[in-house]
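**Q**
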Amino acid sequence: MKSGKKSIFPKIILLFMLLPLGIPFLIPEIGLAYSGVTYQLIAKEKIVALTFDDGPHPIYTPQILDILDQYQAKATFFMIGSRMEEYPDIAKEVSARGHLIGNHTYTHPDNLRTLSPKELKWEIDQCQLSMQRIAGQNTYLFRPPRGILNQEIIKIVQDKGYTIVLWGICTFNRSAPTPEMMATRVINYAHPGLIVLLHDGRTDFRWKDVVATRLIVENLSRQGYRFVTLEELKPGNKPH
Ligand SMILES: [Zn+2]
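My numbering applies: residue 1095 is where the sequence shown begins, and numbers increase by one.
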């Protein structure tokens, strides 16, 4: 009798063959996976890492901070350097309230693959300088805009001492146009160590992420989940 499961095994074998070679491999909910890039935390206990990209934003970021405080939740904000320059008080506030800030480039280029190595390094360095000067943080966590990578980018970023972090699930998806649907996607997929991608800036409809954040944190807190930063992924830190 043939079952659907049968066809999975060659794929798993292929995955283990390809990952050490650095060849990207397609996995569900994630897309192309690269070796040496973090997609989730290794954890047995009920912890989830919420991450917010593209801020700081003068309205949405403070709203998210208030929700997180209400549930004693901590999160990681991958900020754009030029936005930190524009809204330094918000970036400072994120840091002061115990959250981690990560590097999301200085200008958020649409596709890092089109940049020269020199331009890529400038994007990273400028963002890091803003982060240090404004928020007093030096986290060496990097997330590429739109998750776009290739082997050359990975090597340049890692050679600079950064840990590259993507995510296990993103709330922004065509199949989830409402905040309720965005939250449900995450809640249904929740498992220990899950890294969730939300957004707090760059467009005007991030109010949806604010509402979704509340629903996610409310529901998963009730299920006994804790919300942690990506602190343990900082270079030099021991795994969880
Ligand atoms: Zn982004």
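Beta carbons are placed, not taken as given, at the ideal position from N, Cα and C, and that holds for glycine.
Using the three-state DSSP reduction, which class does D1148 fall into: helix, strand or coil?
**A** In this structure, D1148 counts as coil in the three-state DSSP scheme.
**Q** Excluding five sequence neighbours on each side, which residues of the same chain lie with their C-beta closer than 6 Å to the C-beta of M1276?
**A** Closer than 6 Å at Cβ, skipping near neighbours: T1265, A1270, A1306.
**Q** If I'm right that S1224 touches E1274 with Cβ under 8 Å, what's the distance once you round it to whole angstroms?
**A** With a Cβ gap of about 35 Å, S1224 and E1274 do not count as contacting.
**Q** Name the DSSP beta bridge partners of G1335, please?
**A** A question about residue 1335 goes unanswered here, because the residues of the chain that appear run from 1095 up to 1334.
**Q** How many whole angstroms separate the CB atoms of F1236 and N1282, which I take to be in contact at a CB cut-off of 8 Å?
**A** That belief does not hold up - the Cβ atoms of F1236 and N1282 are roughly 29 Å apart, past 8 Å.
**Q** Three-state secondary structure (DSSP) at I1242?
**A** The answer is coil: DSSP assigns I1242 none of H, G, I, E or B.
**Q** Can you tell me which of the three DSSP states L1159 falls into?
**A** Correct three-state label for L1159: helix.
**Q** Between E1246 and chain E, is the shortest Cβ-Cβ distance under 8 Å, so that the two count as touching?
**A** Of the protein chains in the structure, only one exists, and it is not chain E.
**Q** By the 10 Å Cβ neighbour count, where 16 or more other Cβ atoms means buried, how is R1279 classified, buried or exposed?
**A** Result: buried.
**Q** The beta strand (DSSP E) spanning T1170 covers which residue range?
**A** Taken as a continuous stretch (DSSP letters only), the beta strand (DSSP E) holding T1170 covers 1170-1173.
**Q** CA-CA distance, G1098 and V1259?
**A** With a pLDDT of only 43 at G1098, under the threshold of 50, the placement of this residue in the model should not be trusted; the figure read from the coordinates follows. Each residue's alpha carbon lies about 32 Å from the other.
**Q** Leaving out five residues before and five after L1309 in sequence, what residues of the same chain have Cβ atoms less than 6 Å from its Cβ?
**A** These residues qualify, in order along the chain: A1277.
**Q** Please list, following the chain, all residues that have a C-beta closer than 6 Å to any non-hydrogen atom of ligand 1.
**A** Output, sorted by chain position: D1147, D1148, H1198, H1202, P1239.
**Q** May I ask which residues mark the beginning and end of the beta strand (DSSP E) holding I1136?
**A** Counting along the chain, I1136 falls outside any beta strand (DSSP E), and DSSP gives it neither H nor E.
**Q** Specify the secondary structure class of T1257 as computed by DSSP and reduced to three states.
**A** It is a strand residue.
**Q** Nearest CA to the CA of K1138: which residue from A1167, A1185, G1318, N1267?
**A** When only C-alpha atoms are compared, the closest one is G1318.
**Q** Of the residues G1192, F1146, E1246, which one's Cα is nearest the Cα of K1212?
**A** K1212 has its Cα closest to that of E1246, out of G1192, F1146, E1246.
**Q** Going by the CB atoms, is the gap between L1324 and T1199 shorter than 8 Å?
**A** The answer is no: Cβ separation not under 8 Å.
**Q** Which of the three DSSP states, helix, strand or coil, is assigned to L1324?
**A** Residue state, collapsed to three classes: coil.
**Q** Whose C-beta lies closer than 6 Å to the C-beta of T1201 among residues of the same chain, with five residues either side of it excluded?
**A** Correct list, in chain order: S1176.
**Q** Between I1195 and M1173, which are expected to be in contact by the criterion C-beta below 8 Å, what is the C-beta distance as a whole number of angstroms?
**A** At roughly 6 Å, the Cβ-Cβ gap stays under 8 Å, so I1195 and M1173 are in contact.
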